[in-house]
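Novice:
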Amino acid sequence: MYGRTPPPLSVVRSAPTGDDDAVLATALIARDREAPGQAWTRLSPLVLRLLRRYFGPGPDRQDLCQEVFLRFFTRIDELRDRTALRSFLIGICLGVAQNELRRARVRRWIFLTQSGDLPDAPINGADPEAREATEHVYKILAGVSAEDRSLFVTRYIEKMELAEIAVAIGRPLSTTKRRLARATRRIAARMSGDPALADYVGGLGALKMGKP
Amino acid sequence: MKVGDLNDEIGREQRCEALGDVIAETIGTPAPGATGPLPEEVARVAARRPRRQLRAVWKLAPAMALVGGAAVLVLMLRPQPLHYELSGTYAARDDAFETPGNGTATARFSDGTSIAVGAHSAARVRSRTRAGATIRLDRGRASFAVVHRPGASWNVEVGPFEIAVTGTEFDVRWSDDRDGFEVLMKSGTVVVRGSLTGAGIPLHAGQRLVASLTNETLVVSEVARAERAGDASATARVVSPRDEAAPPRRARQVAQVTPEVQVNDAPQPPAESAEALARRRALSPPPFEPAAPAPPQAPAPPAAPAVTTSDLGVGGASCNARPLPQIRFEHAAEGFRVLSGDNSSVFRNPVIDHSYSWCGGGSLRFDSSFDLAESSFQSGEAVVYLPRATDLRGKTVTVRFMVRGPFEAEFSARIVTGQGDRRTGNSYNPHLTTGRWWTVSATFHEPPLAFGTLQSDLHEVDRIILKVDATGSYRVWSGPIYIDDIAWR
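Residue numbers (my numbering), protein chains in the order written: chain C, 1 to 212; chain B, 213 to 701.
Shown next as structure tokens:
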């Protein structure tokens, strides 16, 4: 099955400081001419990445990325805490992604595709075992709710803090914790039911624990 | 949480994190510039001014239009207050109007209610609603014919009184000197509230309410159908709200003195029956005249041996003698009050009667019932409260009365003055019979005959009592007793 090549254990992302986000938010609210371009340049990779990781392997969702920014610029005056600009944008992005996912499910129900599955796209630049594991994970995510999927992506792929996730999904921290635990239980249970994925995760665990 | 459960949860999180790492590695961050420049349509949106408030207004616009339309509909469909037309006079400001001395006015309301205001009257339509109106009668007379409707609410304000009406016909009179308030019910019911009425006095068809603020009296009378229709020959029931309880059935023990008695029969009117005479008089009742001022008090004899002396005078011959009697019982507004007895009283159910009168058109009538055993001497008392405390020292009190009962009945009569529970005087007039008018007099001198602690002061008498004792051999009988013209001079 899968090899024992250890994947990286963490993702390091360069996060601009809150002060930078606050300045950008102030400029956007003030309708500074340069601000939209700066926001696009600074934040569109984040949005595109989040959309990729939300929907899994497939073509880039440039159209969704533009829709996210359309809503972002339209609703920028709703931003209360200007240092939370990034969480505000992620919340909008997750909303757009969830809506798109629901629409895609409707399209599948009315047989817009023969198999009912989303068309696969080749994943380049990763080892075959990781690609196969990724495909299995997204098949599992296709069976859970849009919110559980959002929680999994933001917590375990994007490595966001619980407080950031709470702001992004617009729920209290305690509710976010409870829902994240529930989503984790559901997704982990499905992973356990996938023998190939269980073996792969077991190998990863053994590597983490220092076992051969 | 158990340790095993905690371990399971940690294991689940670790598996998810491990797979998340794999996915993050597999699906990395796009290369710089992968998203390209800011699309032009997105940039245009970013440059727009926020229009949230405007949008919110537009979102609410349909609801606001709906509410506005509903409000306009409610206003259009809301029942309008009654309107009225005035004929005979003109309404001044505040819907007030007056009538001249020789004219009347009529206000006709849109619900059919009409108010006829008599001459020399002033009234005002204070307020109007869809259920009725509030009319204020400032002076004069007014006849109301209120159409009965469900939920109708009419009010008539007269001086300190208020008449609540639901649908009826009645007349109201109010004098300028604030001393004459009168309501004559023709049909339906009303409730009169205000001065002297306590929690309110309900009136029904055939009743008349007369109130005097000066004398603080309020009388509700029963009016016969004929009088309601314009004929004054009717009877009236007197209700005095401030009367005391009925006296005990047992006759008060009064010391008897030997009076100087002179009894003269008062002959009946020869040619005309009493009923016909009274009816004729009632049709043109004599105007009420206030009590004439008492003549200068004659100095009392320094040492009068007798306290009281009695005299029976002749009846109708002195009918129009001047000065007129202080209390004539022509109508209930003369300021007197009457103690109405209960079922155990010999005299009960006092009314102003217009069928029998010694002089004028009315008398005070009681239903008398002497119903004890033959061996006892039963007494009945007609207690008339004077309009005000009166000094009777050296004065002669005259009372005229007639009993209509079995011809075998025989009785005696006495005049007693009272002041609270104390009484003075004892004029004994025996061997009186039924079917004719008697005039009984008593003169009160000082010092009065001592009745112990029950002796009243003659200078401040508040009531005059006609005391009738059944005597003779036939002492169980009943019949009306008519009292007329109480005078003192």
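The beta-carbon is built from N, C-alpha and C at its ideal position, and this holds for glycine as well.
In this text the structure is predicted, and so the values were computed from the model without any measurement.
Does PHE88 of chain C get closer than 8 angstroms to chain B when you measure Cβ to Cβ?
Specialist: no
Novice: Could you tell me which chain C residues have their CB closer than 8 angstroms to the CB of MET254 of chain B, listed as they occur along the chain?
Specialist: Before going on, a small fix: residue 254 of chain B reads as Val here, not Met. By Cβ distance, chain C contributes PRO36, TRP40, GLN66, PHE69, LEU70 and PHE73.
Novice: Under 8 angstroms between C-beta atoms, does LEU231 of chain B make it to chain C?
Specialist: yes
Novice: Tell me the DSSP secondary structure of SER339 of chain B in three-state form.
Specialist: strand
Novice: Which residues does DSSP list as the beta-bridge partners of ALA189 of chain C?
Specialist: According to DSSP, which records beta bridges pairwise, ALA189 of chain C is partnered with nothing at all.
Novice: Closest by CA to GLY344 of chain B, which one among B:HIS416, B:ASN367 and B:LYS271?
Specialist: B:ASN367
Novice: Starting from ARG182 of chain C, find everything on chain B with Cβ-Cβ shorter than 8 angstroms and list it in chain order.
Specialist: Within chain B, no residue comes near ARG182 of chain C; the closest Cβ sits about 11 angstroms away, beyond 8 angstroms.
Novice: Could you give the uninterrupted runs of the beta strand (DSSP E) lying entirely in the segment 348-387 of chain B, keeping only those of 3 residues or more?
Specialist: 366-370, 373-377 and 381-386
Novice: Return helix, strand or coil for PHE559 of chain B, following the three-state DSSP convention.
Specialist: strand
Novice: What residues in the segment 141-152 of chain C have a beta carbon less than 8 angstroms from any beta carbon of chain B?
Specialist: PHE152
Novice: Along chain C, which residues have their Cβ under 7 angstroms away from the Cβ of ILE235 of chain B?
Specialist: Those within 7 angstroms of ILE235 of chain B in chain C are ARG53, THR134, VAL137 and ILE157.
Novice: Considering only residues of the same chain and omitting the five flanking positions on each side of VAL359 of chain B, which have a CB-CB separation below 7 angstroms?
Specialist: ASP323, GLY324, THR325 and GLY379
Novice: Exposed or buried, which one is GLY56 of chain C when buried takes at least 16 other CB atoms within 10 Å?
Specialist: buried
Novice: Between ALA243 of chain B and ALA273 of chain B, what straight-line distance do the alpha-carbon atoms span, to the nearest angstrom?
Specialist: 48 angstroms
Novice: For chain B, find out if any of its Cβ atoms is closer than 8 angstroms to the Cβ of GLN114 of chain C; answer yes or no.
Specialist: Note that GLN114 of chain C has pLDDT 42, beneath the 50 cutoff, so the model's placement of it is unreliable and no number is given.
Novice: Please classify ILE165 of chain C: is it buried, with 16 or more other beta-carbons within 10 angstroms of its beta-carbon, or exposed?
Specialist: buried
Novice: Are the beta-carbon atoms belonging to LEU604 of chain B and VAL673 of chain B less than 8 angstroms from one another?
Specialist: yes
Novice: Quick one: which unbroken alpha helix (DSSP H) runs of 4-plus residues sit fully inside the segment 247-309 of chain B? Chain order, please.
Specialist: 252-259 and 264-289
Novice: Does any residue of chain C have a CB that is nearer than 8 angstroms to the CB of VAL337 of chain B?
Specialist: no
Novice: Would the segment 137-149 of chain C and the segment 181-191 of chain C be scored as touching if the rule is three or more Cβ pairs under 8 angstroms?
Specialist: yes
Novice: Would you say ALA206 of chain C reaches chain B, if we count a Cβ-Cβ gap shorter than 8 angstroms as a contact?
Specialist: Bear in mind that the predicted position of ALA206 of chain C carries a pLDDT of just 49, short of 50, making it unreliable; the figure below should be weighed with that in mind. No, no contact with chain B.
Novice: ASP217 of chain B by DSSP, collapsed to three states: which one?
Specialist: helix
Novice: LYS398 of chain B: which of B:ILE239, B:THR241, B:GLY406 and B:ASP383 sits nearest, CA to CA?
Specialist: B:ASP383
Novice: Hey, could you find the ends of the beta strand (DSSP E) SER575 of chain B is sitting in?
Specialist: Note, SER575 of chain B: beta strand (DSSP E), 575-582.
Novice: With a threshold of 8 angstroms between beta-carbons, can ALA121 of chain C be considered close to chain B, or not?
Specialist: Here the model assigns ALA121 of chain C a pLDDT of 49, short of 50, so the residue's position is not dependable, and the following value carries that caveat. Cβ-Cβ to chain B under 8 angstroms: no for ALA121 of chain C.
Novice: Using DSSP bridges, identify the partner residues of VAL432 of chain B.
Specialist: B:LEU421
Novice: Based on the DSSP output, what are the partners of ASP696 of chain B in its beta bridges?
Specialist: B:ARG612
Novice: State the DSSP-derived secondary structure class of GLN538 of chain B, mapped to helix, strand or coil.
Specialist: coil
Novice: Just list the residues that DSSP pairs PHE321 of chain B with in beta bridges.
Specialist: Bridge partners of PHE321 of chain B according to DSSP: B:TYR296.
Novice: When you compare the CB of ILE239 of chain B with every CB in chain C, is at least one pair closer than 8 angstroms?
Specialist: yes
Novice: Kindly indicate which residue of B:TYR597, B:ARG560, B:ALA594 and B:ALA417 has the alpha-carbon position closest to the one of GLY400 of chain B.
Specialist: Out of B:TYR597, B:ARG560, B:ALA594 and B:ALA417, the CA that lies nearest to the CA of GLY400 of chain B is found in B:ALA417.
Novice: Go to ILE165 of chain C, then tell me how far its alpha helix (DSSP H) extends in each direction, as first and last residue.
Specialist: 162-169
Novice: Count the other CB atoms within 10 Å of the CB of SER624 of chain B; is the residue buried (16 or more) or exposed (fewer)?
Specialist: Burial is judged here by how many other beta carbons sit within 10 angstroms of a residue's own beta carbon; SER624 of chain B has at least 16 and is buried.
Novice: Near GLU374 of chain B, what residues of its chain come up, given a Cβ to Cβ distance below 8 angstroms and the 5 sequence neighbours on each side ignored?
Specialist: Excluding positions up to five away in sequence, the list reads ASN367, VAL368, VAL404, ARG405 and GLY406.
Novice: Is the number of C-beta pairs between the segment 595-603 of chain B and the segment 565-573 of chain B that are closer than 8 angstroms three or more?
Specialist: no
Novice: For PRO249 of chain B, count the other beta carbons within 10 Å of its own beta carbon; 16 or more makes it buried, fewer makes it exposed. Which is it?
Specialist: Result: exposed.
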